[in-house]
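Structure first, then comments.
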(Lines of atoms letter the chains of each structure in order from A and count residues from 1; the text may use other names and numbers.)
(Lines give C-alpha, C1' and ligand atoms only; values in the text may rest on other atoms or scores of the structure.)
Protein backbone atom coordinates (compact mmCIF):
# COMPACT_ATOMS: atom_id res chain seq x y z
CA UNK A 1 0.00 0.00 0.00
CA UNK A 2 1.27 3.45 -0.86
CA UNK A 3 0.36 6.10 1.69
CA UNK A 4 -1.21 9.30 0.40
CA UNK A 5 -0.56 12.81 1.66
CA UNK A 6 -3.35 12.34 4.21
CA UNK A 7 -1.59 9.39 5.75
CA UNK A 8 1.74 11.17 5.95
CA UNK A 9 0.22 14.31 7.46
CA UNK A 10 -1.69 12.36 10.11
CA UNK A 11 0.81 9.55 10.71
CA UNK A 12 2.21 10.89 13.94
CA UNK A 13 -1.25 11.51 15.35
CA UNK A 14 -2.67 8.13 14.45
CA UNK A 15 0.36 5.81 14.25
CA UNK A 16 -0.55 3.89 17.37
CA UNK A 17 -4.07 3.40 16.05
CA UNK A 18 -2.82 2.18 12.69
CA UNK A 19 -0.74 -0.58 14.28
CA UNK A 20 -3.65 -1.97 16.26
CA UNK A 21 -6.10 -1.46 13.41
CA UNK A 22 -4.27 -3.99 11.26
CA UNK A 23 -4.95 -6.86 13.65
CA UNK A 24 -7.73 -9.21 12.60
CA UNK A 25 -11.00 -10.26 14.23
CA UNK A 26 -14.40 -12.22 13.78
CA UNK A 27 -17.21 -14.58 14.84
CA UNK A 28 -19.57 -17.09 13.24
CA UNK A 29 -22.59 -16.67 11.00
CA UNK A 30 -20.97 -14.20 8.60
CA UNK A 31 -22.98 -12.60 5.84
CA UNK A 32 -22.74 -9.49 3.70
CA UNK A 33 -25.59 -7.01 3.75
CA UNK A 34 -26.29 -5.54 0.32
CA UNK A 35 -26.81 -1.79 -0.03
CA UNK A 36 -28.33 -0.32 -3.16
CA UNK A 37 -29.86 2.98 -4.09
CA UNK A 38 -28.73 6.56 -3.88
CA UNK A 39 -28.60 8.76 -0.81
CA UNK A 40 -31.91 10.40 0.08
CA UNK A 41 -30.55 13.97 0.18
CA UNK A 42 -27.50 15.97 -0.80
CA UNK A 43 -25.51 18.19 1.55
CA UNK A 44 -23.75 20.85 -0.51
CA UNK A 45 -20.59 22.29 1.05
CA UNK A 46 -19.34 25.29 -0.92
CA UNK A 47 -16.27 26.57 0.91
CA UNK A 48 -15.99 29.54 -1.45
CA UNK A 49 -19.01 30.92 0.43
CA UNK A 50 -17.70 30.08 3.91
CA UNK A 51 -17.50 32.95 6.37
CA UNK A 52 -14.70 33.86 8.74
CA UNK A 53 -16.99 33.26 11.71
CA UNK A 54 -20.50 32.07 12.47
CA UNK A 55 -22.28 33.02 15.70
CA UNK A 56 -24.60 30.41 17.21
CA UNK A 57 -26.64 33.01 19.11
CA UNK A 58 -29.82 32.15 17.18
CA UNK A 59 -29.42 28.43 17.80
CA UNK A 60 -28.59 28.49 21.52
CA UNK A 61 -30.74 28.99 24.62
CA UNK A 62 -29.00 31.75 26.66
CA UNK A 63 -30.39 30.30 29.89
CA UNK A 64 -29.33 26.75 29.12
CA UNK A 65 -25.59 26.84 29.81
CA UNK A 66 -24.14 24.25 32.19
CA UNK A 67 -20.52 24.75 33.28
CA UNK A 68 -18.73 21.67 34.58
CA UNK A 69 -15.19 22.11 35.98
CA UNK A 70 -13.88 18.55 36.10
CA UNK A 71 -12.51 17.61 39.50
CA UNK A 72 -8.75 17.14 39.72
CA UNK A 73 -6.89 14.83 42.07
CA UNK A 74 -4.19 12.15 41.95
CA UNK A 75 -6.57 9.45 40.70
CA UNK A 76 -8.26 11.77 38.21
CA UNK A 77 -5.73 13.37 35.86
CA UNK A 78 -7.03 13.63 32.30
CA UNK A 79 -4.46 13.51 29.50
CA UNK A 80 -6.14 13.48 26.07
CA UNK A 81 -9.92 13.58 25.67
CA UNK A 82 -11.04 11.50 22.70
CA UNK A 83 -14.73 11.12 23.47
CA UNK A 84 -17.31 12.58 25.82
CA UNK A 85 -20.61 10.86 26.63
CA UNK A 86 -23.42 12.46 28.64
CA UNK A 87 -25.55 9.58 29.94
CA UNK A 88 -28.23 9.57 32.68
CA UNK A 89 -27.04 12.90 34.12
CA UNK A 90 -23.50 11.58 34.25
CA UNK A 91 -20.48 12.42 32.13
CA UNK A 92 -18.08 9.77 30.84
CA UNK A 93 -14.74 10.81 29.35
CA UNK A 94 -12.56 8.48 27.30
CA UNK A 95 -8.92 9.49 27.85
CA UNK A 96 -6.65 7.81 25.29
CA UNK A 97 -3.47 8.88 27.07
CA UNK A 98 -4.21 7.08 30.34
CA UNK A 99 -6.30 4.38 28.62
CA UNK A 100 -9.14 5.12 31.00
CA UNK A 101 -12.78 6.17 31.09
CA UNK A 102 -13.50 8.70 33.87
CA UNK A 103 -16.94 9.16 35.46
CA UNK A 104 -18.26 12.55 36.63
CA UNK A 105 -21.56 13.89 37.91
CA UNK A 106 -23.01 17.09 36.44
CA UNK A 107 -21.24 19.16 39.09
CA UNK A 108 -17.88 17.83 37.88
CA UNK A 109 -17.19 15.55 40.85
CA UNK A 110 -15.17 12.50 39.82
CA UNK A 111 -17.23 9.50 40.89
CA UNK A 112 -14.91 6.79 39.58
CA UNK A 113 -13.03 5.51 36.58
CA UNK A 114 -12.52 2.45 34.44
CA UNK A 115 -8.83 1.60 34.32
CA UNK A 116 -8.54 -2.16 33.88
CA UNK A 117 -5.36 -2.01 31.83
CA UNK A 118 -3.60 -5.37 31.85
CA UNK A 119 -3.74 -8.91 30.52
CA UNK A 120 -6.15 -10.49 33.00
CA UNK A 121 -9.47 -11.99 31.86
CA UNK A 122 -11.44 -8.92 33.01
CA UNK A 123 -8.87 -6.40 31.74
CA UNK A 124 -7.99 -4.83 28.38
CA UNK A 125 -4.47 -4.94 26.93
CA UNK A 126 -5.18 -2.07 24.52
CA UNK A 127 -7.82 0.63 24.11
CA UNK A 128 -8.12 1.84 20.52
CA UNK A 129 -11.61 3.19 21.16
CA UNK A 130 -14.32 3.24 23.81
CA UNK A 131 -18.07 3.81 23.66
CA UNK A 132 -20.66 4.36 26.37
CA UNK A 133 -24.37 3.72 25.86
CA UNK A 134 -27.20 3.83 28.42
CA UNK A 135 -26.17 0.53 30.02
CA UNK A 136 -22.53 -0.34 29.39
CA UNK A 137 -19.01 0.77 28.51
CA UNK A 138 -17.44 -0.96 25.50
CA UNK A 139 -13.64 -1.05 25.10
CA UNK A 140 -12.04 -2.04 21.80
CA UNK A 141 -9.10 -4.25 22.81
CA UNK A 142 -7.44 -4.69 19.42
CA UNK A 143 -4.31 -6.35 20.80
CA UNK A 144 -6.27 -9.32 22.12
CA UNK A 145 -8.87 -9.27 19.34
CA UNK A 146 -11.85 -8.67 21.58
CA UNK A 147 -14.27 -6.17 23.09
CA UNK A 148 -14.42 -5.83 26.86
CA UNK A 149 -17.81 -4.80 28.27
CA UNK A 150 -18.28 -3.10 31.67
CA UNK A 151 -21.31 -1.60 33.40
CA UNK A 152 -21.57 2.13 34.10
CA UNK A 153 -19.83 1.73 37.45
CA UNK A 154 -16.84 0.08 35.78
CA UNK A 155 -17.63 -3.50 36.83
CA UNK A 156 -16.73 -6.21 34.34
CA UNK A 157 -19.69 -7.71 32.44
CA UNK A 158 -18.35 -9.90 29.63
CA UNK A 159 -15.83 -10.38 26.82
CA UNK A 160 -16.79 -10.55 23.14
CA UNK A 161 -14.16 -12.37 21.06
CA UNK A 162 -13.69 -11.06 17.51
CA UNK A 163 -11.08 -13.32 15.87
CA UNK A 164 -11.79 -13.01 12.14
CA UNK A 165 -12.32 -9.34 11.27
CA UNK A 166 -10.41 -6.11 11.74
CA UNK A 167 -11.73 -2.96 13.41
CA UNK A 168 -10.55 0.18 15.12
CA UNK A 169 -13.62 2.13 16.23
CA UNK A 170 -16.71 0.96 18.04
CA UNK A 171 -20.25 2.20 18.72
CA UNK A 172 -23.64 0.73 19.53
CA UNK A 173 -27.28 1.03 18.59
CA UNK A 174 -30.11 -0.33 20.77
CA UNK A 175 -29.31 -4.00 20.23
CA UNK A 176 -26.16 -4.13 18.09
CA UNK A 177 -22.45 -3.36 18.28
CA UNK A 178 -20.82 -1.79 15.22
CA UNK A 179 -17.10 -2.17 14.50
CA UNK A 180 -15.44 0.43 12.24
CA UNK A 181 -12.59 -0.73 10.00
CA UNK A 182 -9.75 1.53 8.80
CA UNK A 183 -8.82 -0.13 5.52
CA UNK A 184 -7.33 -3.33 6.96
CA UNK A 185 -7.89 -6.42 4.81
CA UNK A 186 -8.51 -10.04 5.73
CA UNK A 187 -8.89 -13.19 3.61
CA UNK A 188 -11.69 -14.58 5.80
CA UNK A 189 -13.97 -11.64 6.60
CA UNK A 190 -13.13 -9.74 3.40
CA UNK A 191 -12.51 -6.05 2.81
CA UNK A 192 -15.33 -4.09 4.44
CA UNK A 193 -15.57 -0.75 6.20
CA UNK A 194 -18.07 -1.81 8.83
CA UNK A 195 -19.07 -4.96 10.71
CA UNK A 196 -21.71 -5.60 13.35
CA UNK A 197 -22.92 -8.24 15.79
CA UNK A 198 -25.65 -8.42 18.36
CA UNK A 199 -24.59 -7.41 21.86
CA UNK A 200 -23.60 -11.00 22.69
CA UNK A 201 -21.25 -11.20 19.71
CA UNK A 202 -23.54 -13.27 17.46
CA UNK A 203 -25.38 -12.58 14.18
CA UNK A 204 -22.30 -11.26 12.35
CA UNK A 205 -22.97 -8.80 9.50
CA UNK A 206 -20.61 -6.88 7.19
CA UNK A 207 -21.15 -3.73 5.15
CA UNK A 208 -19.51 -1.47 2.55
CA UNK A 209 -16.83 -3.39 0.63
CA UNK A 210 -13.77 -1.40 -0.43
CA UNK A 211 -10.93 -1.82 -2.94
CA UNK A 212 -7.69 -2.10 -0.93
CA UNK A 213 -5.52 -1.45 -3.99
CA UNK A 214 -6.59 2.19 -4.18
CA UNK A 215 -8.55 3.03 -1.05
CA UNK A 216 -6.68 1.72 1.99
CA UNK A 217 -4.62 4.87 2.50
CA UNK A 218 -7.68 7.09 2.30
CA UNK A 219 -9.51 4.96 4.82
CA UNK A 220 -6.71 5.47 7.31
CA UNK A 221 -8.48 8.57 8.66
CA UNK A 222 -11.76 6.88 9.59
CA UNK A 223 -11.57 7.47 13.38
CA UNK A 224 -14.49 9.63 14.52
CA UNK A 225 -16.01 9.95 11.05
CA UNK A 226 -18.92 8.29 12.83
CA UNK A 227 -21.26 9.13 15.68
CA UNK A 228 -24.03 7.42 17.65
CA UNK A 229 -26.24 8.24 20.61
CA UNK A 230 -26.45 4.56 21.52
CA UNK A 231 -29.65 4.09 19.52
CA UNK A 232 -28.96 5.40 16.00
CA UNK A 233 -25.90 6.84 14.35
CA UNK A 234 -24.15 8.11 11.23
CA UNK A 235 -21.08 6.81 9.39
CA UNK A 236 -19.20 8.56 6.57
CA UNK A 237 -17.37 6.24 4.17
CA UNK A 238 -14.62 8.84 3.47
CA UNK A 239 -14.21 7.64 -0.12
CA UNK A 240 -17.54 8.07 -1.90
CA UNK A 241 -18.59 10.78 0.59
CA UNK A 242 -21.84 9.05 1.45
CA UNK A 243 -23.15 9.58 4.97
CA UNK A 244 -25.05 6.49 6.11
CA UNK A 245 -27.62 6.19 8.88
CA UNK A 246 -26.96 3.25 11.18
CA UNK A 247 -29.49 1.50 13.42
CA UNK A 248 -30.53 -1.98 14.53
CA UNK A 249 -31.65 -2.89 11.01
CA UNK A 250 -28.29 -2.06 9.46
CA UNK A 251 -27.20 0.90 7.37
CA UNK A 252 -28.72 2.95 4.56
CA UNK A 253 -27.38 5.87 2.48
CA UNK A 254 -28.88 9.10 3.84
CA UNK A 255 -26.78 12.01 2.55
CA UNK A 256 -24.44 12.54 -0.37
CA UNK A 257 -21.77 15.07 0.57
CA UNK A 258 -21.02 17.42 -2.34
CA UNK A 259 -17.88 19.50 -1.89
CA UNK A 260 -18.34 21.45 -5.14
CA UNK A 261 -15.25 20.06 -6.83
CA UNK A 262 -12.97 20.55 -3.81
CA UNK A 263 -12.75 16.85 -2.89
CA UNK A 264 -9.55 15.04 -3.87
CA UNK A 265 -10.46 13.40 -7.23
CA UNK A 266 -10.59 9.62 -7.36
CA UNK A 267 -7.79 9.51 -9.93
CA UNK A 268 -5.34 10.52 -7.18
CA UNK A 269 -6.51 8.01 -4.57
CA UNK A 270 -3.59 5.64 -5.18
CA UNK A 271 -0.89 8.32 -5.51
CA UNK A 272 1.88 8.50 -2.89
CA UNK A 273 2.27 11.49 -0.59
CA UNK A 274 5.27 12.77 -2.57
CA UNK A 275 3.12 13.15 -5.70
CA UNK A 276 0.35 14.95 -3.83
CA UNK A 277 2.81 17.37 -2.24
CA UNK A 278 4.90 17.98 -5.37
CA UNK A 279 1.84 18.88 -7.42
CA UNK A 280 0.30 21.14 -4.77
CA UNK A 281 -2.87 19.07 -4.53
CA UNK A 282 -3.08 19.36 -0.77
CA UNK A 283 -3.78 23.08 -1.15
CA UNK A 284 -6.43 22.55 -3.83
CA UNK A 285 -8.56 19.84 -2.27
CA UNK A 286 -10.13 19.28 1.10
CA UNK A 287 -9.50 16.60 3.67
CA UNK A 288 -12.33 14.29 4.55
CA UNK A 289 -14.44 14.96 7.63
CA UNK A 290 -12.24 15.16 10.70
CA UNK A 291 -15.27 14.32 12.83
CA UNK A 292 -19.03 14.01 12.60
CA UNK A 293 -21.38 14.93 15.43
CA UNK A 294 -25.13 15.16 15.79
CA UNK A 295 -27.26 17.22 18.18
CA UNK A 296 -30.97 18.09 18.04
CA UNK A 297 -31.82 18.71 14.37
CA UNK A 298 -28.25 19.47 13.29
CA UNK A 299 -25.30 17.62 11.82
CA UNK A 300 -21.82 19.03 12.39
CA UNK A 301 -18.56 18.10 10.71
CA UNK A 302 -15.13 19.58 10.10
CA UNK A 303 -13.12 19.61 6.86
CA UNK A 304 -9.78 21.07 5.87
CA UNK A 305 -8.65 22.97 2.77
CA UNK A 306 -4.93 23.71 2.72
CA UNK A 307 -4.00 25.03 6.15
CA UNK A 308 -7.53 26.17 6.99
CA UNK A 309 -10.14 24.17 8.87
CA UNK A 310 -13.85 24.74 8.31
CA UNK A 311 -16.76 23.71 10.49
CA UNK A 312 -19.93 22.80 8.62
CA UNK A 313 -23.41 23.03 10.18
CA UNK A 314 -26.26 21.25 8.40
CA UNK A 315 -29.83 21.99 9.50
CA UNK A 316 -31.64 18.70 8.89
CA UNK A 317 -35.12 20.20 8.99
CA UNK A 318 -34.42 23.25 6.85
CA UNK A 319 -31.90 21.38 4.65
CA UNK A 320 -29.52 24.34 4.76
CA UNK A 321 -25.75 24.42 5.20
CA UNK A 322 -23.45 26.96 6.87
CA UNK A 323 -19.66 26.77 6.80
CA UNK A 324 -17.19 29.00 8.64
CA UNK A 325 -13.58 29.04 9.78
CA UNK A 326 -14.66 29.73 13.34
CA UNK A 327 -17.82 28.99 15.30
CA UNK A 328 -18.59 31.32 18.20
CA UNK A 329 -20.87 30.86 21.19
CA UNK A 330 -20.96 33.69 23.72
CA UNK A 331 -18.62 34.43 25.38
CA UNK A 332 -16.20 32.29 23.31
CA UNK A 333 -14.99 33.42 19.89
CA UNK A 334 -14.08 29.93 18.71
CA UNK A 335 -15.49 26.59 19.85
CA UNK A 336 -15.42 23.02 18.58
CA UNK A 337 -18.61 21.11 17.83
CA UNK A 338 -16.89 17.70 17.93
CA UNK A 339 -18.47 16.48 21.17
CA UNK A 340 -22.01 17.78 20.52
CA UNK A 341 -24.80 15.34 21.42
CA UNK A 342 -28.43 15.14 22.50
CA UNK A 343 -29.66 18.72 22.81
CA UNK A 344 -26.23 20.09 23.77
CA UNK A 345 -23.12 21.50 22.20
CA UNK A 346 -20.32 20.28 24.46
CA UNK A 347 -17.28 22.55 24.38
CA UNK A 348 -14.01 21.72 26.17
CA UNK A 349 -11.49 24.28 27.39
CA UNK A 350 -8.29 23.36 29.19
CA UNK A 351 -7.81 25.24 32.45
CA UNK A 352 -4.66 27.04 31.33
CA UNK A 353 -6.20 28.62 28.21
CA UNK A 354 -9.41 29.41 30.10
CA UNK A 355 -7.48 31.40 32.70
CA UNK A 356 -5.42 33.09 29.99
CA UNK A 357 -8.66 34.46 28.50
CA UNK A 358 -10.17 35.39 31.88
CA UNK A 359 -9.89 39.16 31.38
CA UNK A 360 -11.44 38.94 27.93
CA UNK A 361 -14.36 36.84 29.17
CA UNK A 362 -15.12 39.16 32.09
CA UNK A 363 -15.01 42.11 29.69
CA UNK A 364 -17.54 40.35 27.45
CA UNK A 365 -19.95 39.93 30.36
CA UNK A 366 -19.59 43.62 31.18
CA UNK A 367 -20.11 44.79 27.58
CA UNK A 368 -23.06 42.51 26.82
CA UNK A 369 -24.99 42.00 30.07
CA UNK A 370 -28.11 40.91 28.18
CA UNK A 371 -26.37 38.04 26.38
CA UNK A 372 -26.75 35.58 29.26
CA UNK A 373 -28.94 35.29 32.33
CA UNK A 374 -27.41 36.69 35.52
CA UNK A 375 -27.21 33.25 37.14
CA UNK A 376 -25.16 31.92 34.23
CA UNK A 377 -22.77 34.87 34.40
CA UNK A 378 -22.30 34.29 38.13
CA UNK A 379 -21.43 30.68 37.45
CA UNK A 380 -18.83 31.73 34.87
CA UNK A 381 -17.32 34.17 37.36
CA UNK A 382 -17.27 31.53 40.08
CA UNK A 383 -15.44 29.03 37.89
CA UNK A 384 -12.96 31.62 36.62
CA UNK A 385 -12.11 32.57 40.19
CA UNK A 386 -11.57 29.02 41.47
CA UNK A 387 -10.04 27.00 38.63
CA UNK A 388 -6.25 26.55 38.63
CA UNK A 389 -3.89 26.23 35.66
CA UNK A 390 -3.02 22.63 36.49
CA UNK A 391 -6.64 21.51 36.82
CA UNK A 392 -8.51 19.20 34.51
CA UNK A 393 -10.45 20.80 31.63
CA UNK A 394 -13.76 22.63 32.04
CA UNK A 395 -16.82 21.56 30.04
CA UNK A 396 -19.37 24.05 28.73
CA UNK A 397 -22.70 22.50 27.75
CA UNK A 398 -24.72 24.89 25.57
CA UNK A 399 -28.34 23.89 25.08
CA UNK A 400 -29.76 24.13 21.58
CA UNK A 401 -33.19 25.71 21.29
CA UNK A 402 -34.57 22.89 19.19
CA UNK A 403 -37.32 23.24 16.63
CA UNK A 404 -41.01 23.90 17.18
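Residue numbers (the working numbering): 66 to 469. Backbone N, C-alpha and C fix where the C-beta goes; we use that ideal spot for every residue, glycine too.
The C-beta distance from residue 168 to residue 150 rounds to 10 Å, too long to meet the 8 Å contact threshold. In its chain, beyond the 5 residues on either side, 355, 367, 368, 390 have a beta carbon closer than 8 Å to the beta carbon of residue 374. Burial is judged here by how many other beta carbons sit within 10 angstroms of a residue's own beta carbon; residue 467 has fewer than 16 and is exposed.
Rounded to whole angstroms, residue 345 and residue 329 show a C-alpha spacing of 12 Å.
Residue pairing for residue 178: DSSP places it in a beta bridge opposite 167. Residue 451 sits in a helix when the DSSP states are folded into three classes. Residue 194 and residue 279 have their C-alpha atoms roughly 26 Å apart.
Sequence-distant partners of residue 164 (beyond 5 residues in either direction) whose C-beta falls short of 6 Å from its own C-beta, in its chain, are 182, 192. Short of 7 Å from the beta carbon of residue 379, and not among the five residues preceding or following it, lie these beta carbons of its own chain, in chain order: 108, 363, 364, 386.
In this structure, DSSP gives residue 391 an extended state, which the three-state scheme calls strand. When only Cα atoms are considered, residue 315 and residue 438 end up about 44 Å apart.
Every alpha helix (DSSP H) stretch that sits fully inside the region 291 to 373 and reaches 4 residues is listed by chain position as 338 to 343. Secondary structure in the region 219 to 293: the beta strand (DSSP E) runs of 3 residues or longer, each lying completely within the stretch, are 221 to 226, 234 to 237, 241 to 245, 257 to 263, 270 to 274, 291 to 293 in chain order. Contact between residue 215 and residue 225 is ruled out by a C-beta separation of about 12 Å, above the 8 Å threshold. Spanning the alpha carbons of residue 266 and residue 220 requires a straight line of approximately 19 Å. Taking each of 171, 184, 160, 190 in turn and checking the Cα distance to residue 178, the smallest one comes out for 160. Secondary structure within the region 371 to 444: the beta strand (DSSP E) runs of 3 or more consecutive residues, fully enclosed, are 373 to 380, 385 to 393, 409 to 414 (chain order).
In this model, residue 350 and residue 431 are separated by some 43 Å (Cα to Cα). One alpha carbon belongs to residue 435, the other to residue 419, and they sit about 22 Å apart. Secondary structure note for residue 107: its beta strand (DSSP E) is the uninterrupted segment 106 to 109. Residue 447 and residue 172 have their alpha carbons spaced roughly 13 Å apart.
Residue 118 is bridged by DSSP to 391. Of all alpha-carbon atoms in 409, 424, 142, 397, the one lying nearest the alpha-carbon of residue 456 is that of 142.
Shortest Cα-Cα distance from residue 269 to any of 257, 105, 166 involves 257.
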